[in-house]
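If you read the protein sequences in the order shown, they are chains A and B.
Under the working numbering, the first residue of the first sequence is numbered 134, with each subsequent residue one higher.
Under the working numbering, the first residue of the second sequence is numbered 84, with each subsequent residue one higher.
Beta carbons: idealized from backbone N, C-alpha and C, even for Gly.
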Amino acid sequence: MNMKKRITEGIKNLCLSLVGFAVILLLWAFIVQYTDAGLLIPSPLGVAQRLIYVITHPIGKSYTLPMHLVISLRRVMTGYCLSIVAGVLLGVSMGRLEMIQAIFRPIFEIIRPIPGVAWIPMAIVWFGIGETAKVFIIFMGGFVNIVVNTFAGAQRVDEDLMNCARMLGANERQVFFRIVIPFCVPYIFSGLQVGLSTCWMAVLAAEMVAAKEGVGWIITAGQDIADMTQIFVGIIAIAVTGLALAAILRLAEQILCRWRVRGK
Amino acid sequence: MNEITSNKLVIECKDVSKAFFNREGDHPVVDNLSFSVYENEFVVLFGPGQCGKTTILNLITGLETVTTGRVTVNGEIVDGPSPKRGLVYQTTNLFMWYNVMKNVEFGPSVQGVPKKERRKRAQHYIDLVGLTGFEKTYPVKLSGGMQQRVGIARAYCNEPEIICMDEPFGHLDAQTRYLMEKEIERISGAEKRTVIFVTNNAEEAIYLADRIILLRNCPTSVKKEYCIDLPRPRDYTSAEFLALREEITNAMDKVI
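Okay, structure coming up:
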């Protein structure tokens, strides 16, 4: 009964969201067809055709759309993974060790409000316009969010729960790995979610400023040659990839945090 | 006074005092408390709310240290938490990221007992507390009473010298509470252990105890002891039960 209700509810929501998409597309097609805006906005059909075309044909000189995506994703993953390692380490140690917190928290609080893209000029001066600068910008984007969330989790670990583990014979290392870390996992995941979207934004910003390839570059290159269709192709590729990355992470969270799910 | 089944002294609190210090000054919680618990005895610490019962348990388990006096378990002075002393908590304090099996085998697991052996041991206690079939269930999906059963199995599975229970049924609804009292009686009958059980519920105390230690109001010490020799399982409505209940309730310090 309940299950059946949930399924019909799901179908209903899906239909409604499809209606939303259809309305936007129709409106878009209508505006392009019947107003002067058609000079500035490509038609939805044109964008769709170009999207399919660039999957096999290069944008610019050398890379097809999937290749550009792979290049961007590789940059994001490098920076993101580094920010996970550093962010979780700093977050947990700041949350559990008062001395580490006393040393790093003030520095961190200063860095925290700086958006990832604000590091672009600095990164270019420090590392040139190569890969290192881009990875650094992405790293700074993810790092802050991951530290903030991990730190919040590590601070909240219940003292009674740790004592309970100690009374059952756990040493401090076992308390850390079996109590502190699992307790922090849901907090770390909310940091990973926010961190991933900021990293994804940071790579685009970095590529728009200094790159010869990548999805960010597709947009700026489109701007340079006044090819609106190419800009739209870039934007759509960014949106779909961002969505897919978030979905993969949510799936990982569902598996790792299934102990939190109530109900039968 | 009745004969105690065994004469082996297990827990001894001798002239124990405990005070907490803060800016306003000393706050004595336990004042010159002395009592003993013998092997396989089920002793209930009974006293008014906030009188310091939990503090006494913390002193016995080693989570707190005495200000003066001495607590020994099997002749050893208590100087910190140890797997030799198990505790069942008021709030269940389960490890929510572990399923029932992994919670119950936590103690043997961190102490390096081989997997096969600890699984067997854990299964025995899971069966004992009536959770057979729930081994792979996560605590979040269990009711309050079932969670408390996991807590009890976890304490037993570590095979400690003593088991302390700190108002384990305080958060349960009345019906589940009666059921769990019956269960504890069955479990402690099946697996003889030295148990200290803390409660502020006279009925629960009389139903379960071999001996009740009545505590004064804070700062607490022993006011009186009662050996309960009613045959088990006890009947809440028998004349002797009700008479004892009235006597003990009247003897308890009144707090507003």
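- Of all residues in the segment 124-156 of chain B, only THR144, GLY145 and LEU146 come within less than 9 Å of chain A when Cβ atoms are compared, listed by chain position.
- For GLY158 of chain B, there are no C-beta contacts with chain A under 9 Å, since the nearest C-beta of that chain is about 20 Å from it.
- Taking 8 Å as the cut-off, the beta carbon of PRO111 of chain B is found no closer than this to the beta carbon of ASN283 of chain B.
- Contact between GLU122 of chain B and LYS97 of chain B does not hold, since the beta-carbon distance rounds to 18 Å and is not under 8 Å.
- A residue is called buried when at least 16 other Cβ atoms come within 10 angstroms of its Cβ; ARG153 of chain B does not meet this threshold and is exposed.
- Around the beta carbon of PRO314 of chain B, fewer than 16 other beta carbons sit within 10 angstroms, so the residue counts as exposed.
- The segment 212-220 of chain A and the segment 324-338 of chain A touch, with no fewer than 3 CB-CB distances between them shorter than 8 Å.
- The beta carbons of THR259 of chain B and GLY227 of chain B sit about 7 Å from each other, so the pair counts as a contact at 8 Å.
- Going by DSSP, ASN282 of chain A is part of the alpha helix (DSSP H) stretching over 264-288.
- Not flagged as an interface residue toward chain A: MET248 of chain B, since no C-beta distance is shorter than 8 Å.
- Cβ contact annotation for ILE295 of chain B (same chain, cutoff 6 Å, sequence separation greater than five): VAL127, PHE129, ALA288 and TYR309, in chain order.
- The alpha-carbon separation between GLN356 of chain A and TYR181 of chain B amounts to approximately 54 Å.
- Contact of LEU225 of chain B with chain A is not assigned, every C-beta pair being separated by 8 Å or more.
- Taking the Cα of TYR290 of chain B as reference, the smallest distance to any Cα among B:ASP162, B:SER165 and B:PHE125 is reached at B:PHE125.
- Two segments are said to touch when three or more pairs of C-beta atoms, one from each, lie closer than 8 Å; by this definition the segment 138-145 of chain B touches the segment 164-174 of chain B.
- Only those residues of the segment 262-287 of chain A whose C-beta falls short of 7 Å from the nearest C-beta of chain B would be listed, and there are none.
- Residues of the segment 186-215 of chain B that bring their beta carbon within less than 7 Å of a beta carbon in chain A comprise PHE189, GLY190, VAL193 and GLN194, in sequence order.
- Identification of residues in the segment 239-269 of chain B having a C-beta nearer than 8 Å to some C-beta of chain A yields ASN241, given in sequence order.
- The alpha-carbon separation between TYR221 of chain B and PRO191 of chain B amounts to approximately 19 Å.
- Setting aside the 5 residues that flank it on each side, GLU346 of chain A is surrounded in the same chain by TYR196, HIS201 and ILE204, each with a C-beta closer than 7 Å to its C-beta; the list follows chain order.
- The beta-carbon distance between ARG183 of chain A and VAL313 of chain A, rounded to whole angstroms, is 51 Å. This is too long to meet the 8 Å contact definition.
- Per DSSP, LEU177 of chain B lies in no alpha helix (DSSP H) and is assigned neither H nor E.
- Taking C-beta separations shorter than 6 Å and ignoring five residues to either side along the sequence, the partners of PRO177 of chain A in its chain run LEU158, TRP161 and ALA162, following chain order.
- With respect to PRO319 of chain A, ARG391 of chain A sits apart: the two C-beta atoms are not nearer than 8 Å.
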